[in-house]
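In the working numbering, the protein residues as written are 126 to 228.
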């Protein structure tokens, strides 16, 4: 999703400021349903939710300067152990530290 245009955006705890920014957002929304045999009973394991959300910030004539990623899920309460945590949230930030613009 193309987001908004920003006059500026700071990275590296405000140490670096980039101008003329285009912000974009990438979202993966999922639902997971399982069926138990022999009688087909659908069970929602993971209700509809944004599993992955990425906010990218692109500076004019430079490229990607900042990327913030959130991976998150929250399973339904189930009577069985799936061997994975019931809920997880992981956040990752990648920021530009140096760049070169070639002619």
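Cβ coordinates follow ideal geometry from the N, Cα and C atoms, glycine included.
Quantities reported herein were computed from a predicted structural model and do not represent experimental measurements.
- Taking C-beta separations shorter than 6 Å and ignoring five residues to either side along the sequence, the partners of residue 145 in its chain run 185, following chain order.
- DSSP, read as helix, strand or coil, puts residue 222 in coil.
- Non-local beta-carbon contacts of residue 220 in its own chain, meaning distances under 6 Å to residues more than five positions away in sequence, involve 136, 137 and 191 in chain order.
- Classified as exposed, residue 151 has fewer than 16 neighbouring CB atoms from the shown chains inside 10 Å of its CB.
- Residue 188 has 184 as its beta-bridge partners, per DSSP.
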